[in-house]
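Following: one structure in structure tokens, then a few remarks.
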Amino acid sequence: MNTQLDPIVSEFETQEQADSYDRWLKAKVQHSIDNPGQGMPHDQVMSKVDAILKLPGGCALVLKQLSL
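If you read the sequence shown in this note's numbering, its first letter stands for residue 5, the second for the next number, and so on.
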């Protein structure tokens, strides 16, 4: 069913979109749980992000990486 959702309550236009996102997110989380060696400590990530942001065009580079 493709029920329309209230934009004040949900960022998704339809229940189908919300369900699809929920499935995608659960799969990503499960993948991370199943592969714990792929992680990086928060402080290390933020250090790298800060260094990139200081570069010319650094903000665009960070945004590109976040879209993965």
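For each residue, glycine too, the CB sits at the ideal point set by N, CA and C.
Using the DSSP secondary-structure output, state which residues sit across from residue i in a beta bridge.
i: T18; result: Q8
Can you list, in chain order, the residues of its chain whose CB lies under 8 Å from that of residue i, leaving out five sequence neighbours each side?
i: Q52; result: It should be noted that the sequence gives Lys, not Gln, for residue 52. The answer is none, since no qualifying residue turns up.
For residue i, which of helix, strand or coil comes out of DSSP?
i: P45; result: coil
i: L29; result: helix
i: G61; result: coil
i: S71; result: coil
i: V53; result: helix
i: V13; result: coil
Hey, would you say residue i sits closer than 8 Å to residue j, going by beta carbons?
i: I56; j: V66; result: yes
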